[in-house]
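Residue numbers (UniProt numbering): 1 to 256.
Built from N, CA and C at the ideal position, the CB exists for glycine as well.
Since the structure is predicted, the reported quantities are computational estimates derived from the model, not experimental observations.
See below for the structure under consideration.
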Ligand SMILES: Nc1ncnc2c1ncn2[C@@H]1O[C@H](COP(=O)(O)OP(=O)(O)OP(=O)(O)O)[C@@H](O)[C@H]1O
Ligand SMILES: [Mg+2]
């Protein structure tokens with residue numbers, strides 16, 4: 001069987017914070033990883049393990065000290081965050097980070113859909129786009145389509161996070177990065193947004209990395225599970241091996 005080329009490849013990634021000082025912290029220790037098209041990977045690991053640092057390094061929010069990052073075979077290690085946004089989309093824990101407060105749902109979606117419009121989008125109205133957006137919002141089944149002209153600040157956290165997700169994927173990114181994107185929501189809304197996430201990833205055939213502290217979600221969703229511990233990949237399982245993993249075993253691994 002011919003295996004597709006990886007969407008993302010990390011080669012020997014290293015990150016040291018405050019190098020050469022008493023506060024020196026080696027956070028990413030030689031991380032190697034290949035992520036193939038259509039993979040949906042859950043990333044778990046204890047607080048401070050280096051999960052967000054890893055995602056930030058991939059997104060370009062953080063410079064690495066050593067190693068290479070490739071997207072579709074192209075080295076992007078020195079490419080800035082703005083350029084990387086052509087391939088990589090992110091959703092954060094805080095629903096406020098993914099959307100612009102004062103702008104309406106429609107305006108937020110226009111910006112996400114076409115970054116070129118950012119300079120003159122005020123007053124931009126396009127019936128075709130509006131209809132398209134409304135139907136995509138309706139498909140989320142979160143009641144957002146009824147508020148398409150409402151400033152985003154009036155949406156609930158769950159609606160806002162669902163909108164962030166839709167905005168993140170609207171241009172079909174090569175890679176979707178989710179950093180505890182359901183953690184700030186109440187349990188029921190969190191589950192709704194989680195299911196929506198899995199549905200959108202499958203429908204749009206996206207490749208995604210999702211950090212979560214919810215072991216049940218990490219086990220239930222995605223094809224592969226990675227545990228990061230002390231800046232290293234401690235566990236990397238997929239398929240049947242992942243399916244047979246038990247929550248108790250994973251929790252035990254946290255303690256080691
Ligand atoms: N910009 C930074 N400067 C200095 N230290 C940092 C920086 N970002 C993260 N760290 C430190 O690196 C370590 C790893 O942080 P990181 O945010 O990657 O952990 P995490 O695995 O995402 O944890 P959590 O589950 O709590 O979100 C932490 O000790 C953190 O304080
Ligand atoms: Mg984190």
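CB contact flag (residue 109, residue 133, <9 Å): Yes, they are a contact pair.
For residue 49, the three-state DSSP class (helix, strand or coil): Coil, per DSSP.
Any non-hydrogen atom of ligand 1 within 8 Å of residue 213 CB: Yes, since a heavy atom of ligand 1 falls inside the 8 Å radius drawn around the Cβ of residue 213.
CB contact flag (residue 197, residue 178, <9 Å): Yes.
CB contact flag (residue 39, residue 160, <9 Å): Against a cut-off of 9 Å, the Cβ pair of residue 160 and residue 39 comes out as no contact.
Heavy atom of ligand 1 within 8 Å of residue 228 beta-carbon: Remark: the shortest separation between the CB of residue 228 and any heavy atom of ligand 1 falls under 8 Å.
Integer Cβ distance of residue 200 from residue 233, believed to fall under 8 Å: Wrong, their Cβ atoms sit about 26 Å apart, outside the cutoff.
N- and C-terminal bounds of the beta strand (DSSP E) containing residue 30: Per DSSP, residue 30 belongs to the beta strand (DSSP E) from 25 to 35.
Candidates 88, 228, 220 and 158: closest to residue 247 by CA position: Comparing Cα-Cα distances from residue 247 to each of 88, 228, 220 and 158, the minimum goes to 220.
Inter-residue Cα distance where the pair is residue 186 and residue 216: Those two C-alpha atoms are separated by around 16 Å.
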